[in-house]
Each structure stands twice: as C-alpha cells, then as structure tokens.
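One structure below.
Pasting the structure below:
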C-alpha cells in the first residue's frame, strides 16, 4: 500500500471528482468500478454553477464548460397549450449559467483528468467487503484484499460500501409511474430551451432538457415518457427509454471510522432542480478535503446537513409540480408571466435555482 492511499468505490461523477480532489492534493488514490467498461448511458444532465466553480478550483472545469450547452430559455405549457416562453439569457451572469452535458461525456472528461494526475481507475473490480481499525481499512474487491488509509463510498443508491458499514438508508419511494427517454431530434429544435408541462393526474408532468445540439432528455410522470408528448419535438431516434423510481432517502451517517459516503450512497431525492449529481460532486470535493485535512467528522456533519436541506427543497418543489392539481396551471402561468416581464425576477429565480 502506498502511504496515504485512498480507495474510491465507484467511477461515476462523484467518485471521479473525489479522485481528482485527492490527486490535486498529492494524495495517492485508486478508483474501482464494478462495471467492465465505462458507461455510455446518461443519467444526470445539468451541471450547476457551484459544481462548475468547485471543478474549476481543481483545474477540471474547462473542457466540461466548453462542451456543455447553456440553458437560456424555458417554455411553459399545460397539456400542450403554451402558456409562454421565458428568455433567461439576459439574466444569466457567466457564473450563474446552467449547463447541460450528458453524464457519460462528463465522466469521460473527468476520467481524463484523473489519469492525467496519475490516479488509477480499475474497471471490472466489484467491491466485496471491508474491515477497519485505528490505522486503516482492509478492503476486498475483484478477488483481492488490500490495505488503504481511507475509503470513500461513491457506489450509488444500493451502495455495497454503506451496506458493509451497516448504515441505515432511511426514507421512502414516491408513488406513481416515472420514465425517462434519451432521444435524437430533428426539425426546428432549440438546444438551449427547456420544456416544462405539469400535465394532469392522468398524463403526469413532462420535462425536456437539451443535452446536445440534436439530443434531448425527457422525464415524465407516466409509464412511457414518449407517449403523448405535449411539446413540438420531432423524435428521429430513441437512444434509451427506461422506467425509474423517485426515492427520497438519506444515510443516517456519512462517516464511519475511516470510511466516508458521498453522492447517491449518502442521499437520493427528486430529479426536480437537477441537483442530484451536483450534490454528489460537491460531497466528493468536501470528502477529499476532509481526508487531506483530517477533518473527517466535520465532513459527516456538514454534508449530512446539506443533504437534508437539498431533500427538503427538492421535495418542496416537486410536490406541486407533480400533483396534477387543477390550480397548478394557473400558478405556473402567473410565475411565467412574472419571469417573462421582470429581469429582476429572472435573476432571483436563477439565484434560487442554482445556489445550493
């Protein structure tokens, strides 16, 4: 074992960000991933300003910013009836832009940074178990046992790391059908426009977020995200469709001895607001700093508090949007009118949406 080596379990955006944070501080790090190869699927899309600033401080933001689309416009509709268009471009300061990039591409760019800094990424190495004492952690993965100073579990909602520690993952699943679709589009597609339609109790909410010049992600509160689209989107190719469950959960503890949890291993919440991946990447930055400074207990307290805050805020935003209540269209129309006609309101909206 190299002196001070940290094992990062999971090579998603959270794990890769943790590895960059450690390597930038001159600490040896190894990343393991149970998948045999890098994923070509995109779960998360949005990259928010706090995440960009954190990556920039680590020298890992430039390529991501260059390749990302900037979200500038929002179209609000109800069951296909357009309520209005809100142009946010005049209210978007450079440090407040909401970026969109497929997660698989984000991961690819982060992997390049890890490798450039000398970090090791090993695919096809599933975490099996760990045990720890006052001096370090013994972990078994890929059929081998090795010794590390610390472990950061960034291995998702069903985290084997968290389960090995016996930490409770408390919360609930949101009832109802949910689905996503990643599609290529043609026609008069605006790659800087987000579509939002709350629908009703039958159709459910539909949101479309651009993730490429001719590619968009659709999230819907029904079994088939592509059924009855309320937006003028011409689908030319379906890359992926899948059902999903919205789970609202948080680990009781983020730290157990020399093992830290980050990302979905520590919390999960509604996709409303696009904070999930971003919260995990900020966990990762904080976890790397905590290991470097020795303030691991403080990491657990501060990030648990931040996770709980994000869960409260995203649930407060999700409930009315997904309720199907007949008054939601009127509320949405009012909000859209205010945003359309008030630059100050647009700026305030962006501050609230992107500052967490």
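In UniProt numbering, the protein residues as written are 1 to 356.
For glycine and all other residues, C-beta sits at the position ideal for the given N, C-alpha and C.
Computed from a prediction, not measured in an experiment: that's the story for all the values here.
Worksheet item: Just curious, the alpha helix (DSSP H) that residue 20 is in, first and last residue?
Response: For residue 20, the enclosing alpha helix (DSSP H) starts and ends at 13 to 24.
Worksheet entry | Where residue 9 falls, given that 16 or more other Cβ within 10 Å makes a residue buried | By the Cβ neighbour-count rule, residue 9 is buried, with 16 or more other Cβ atoms within 10 Å of its own.
Practice prompt. Check whether the segment 45 to 57 touches the segment 278 to 294, counting contact only when three or more Cβ pairs, one atom from each stretch, lie closer than 8 Å.
Written response: In short, these stretches touch, since the Cβ pair count reaches three.
Fill in: N- and C-terminal bounds of the alpha helix (DSSP H) containing residue 53
Note, residue 53: alpha helix (DSSP H), 49 to 57.
Discussion item. I'd like to confirm the pairing. Which residues does DSSP put opposite residue 237 in its beta bridges?
Written reply: 184, per the DSSP bridge assignment.
Worksheet item: Contact check, residue 211 vs residue 60 under 8 Å by CB: the rounded distance?
Response: Between residue 211 and residue 60, the beta carbon gap of about 20 Å keeps them out of contact (Cβ cut-off 8 Å).
Worksheet item: Okay, do the segment 231 to 238 and the segment 177 to 197 touch, 3+ Cβ pairs below 8 Å being the bar?
Response: Yes, they touch.
Item to complete: Report the residue from 204, 181 and 233 whose alpha carbon sits nearest the alpha carbon of residue 195.
Response: Comparing Cα-Cα distances from residue 195 to each of 204, 181 and 233, the minimum goes to 233.
Practice prompt. Look at the alpha carbon of residue 69 and the alpha carbon of residue 48, and state the distance between them as a whole number of angstroms.
Written response: Taking the straight line joining both Cα atoms gives about 12 Å.
Item to complete: Look up residue 371 in the DSSP assignment and give the residues it is bridged to.
Response: This structure does not reach residue 371, given that the chain is present from 1 up to 356, and the question cannot be answered.
Discussion item. For residue 190 and residue 25, which I take to be in contact (beta-carbon distance under 8 Å), what is that distance rounded to the nearest angstrom?
Written reply: Between residue 190 and residue 25 the beta-carbon gap is near 42 Å, outside 8 Å, which marks them as no contact.
Discussion item. Is any non-hydrogen atom of the ligand GDP found closer than 8 Å to the C-beta of residue 227, if you look at the structure I gave you?
Written reply: For the structure depicted, the ligand GDP is absent and the ligand set is empty, with no information on it obtainable.
Discussion item. Using the Cβ count rule (16 or more neighbours within 10 Å means buried), how would you classify residue 66?
Written reply: In summary, residue 66 is exposed, with fewer than 16 beta-carbon neighbours lying within 10 Å of its beta-carbon over all protein chains present.
Discussion item. Judging by CA-CA distance, which residue of 254, 98, 79 and 106 is the nearest neighbour of residue 438?
Written reply: Outside the displayed span of the chain (1 to 356) sits residue 438, for which this structure offers no information.
Worksheet item: Using the C-alpha atoms, what's the distance from residue 117 back to residue 154?
Response: In this structure, the CA atom of residue 154 is about 20 Å from the CA atom of residue 117.
Worksheet item: Opposite residue 129 in the DSSP bridges: which residues?
Response: DSSP lists 140 as the bridge partner or partners of residue 129.
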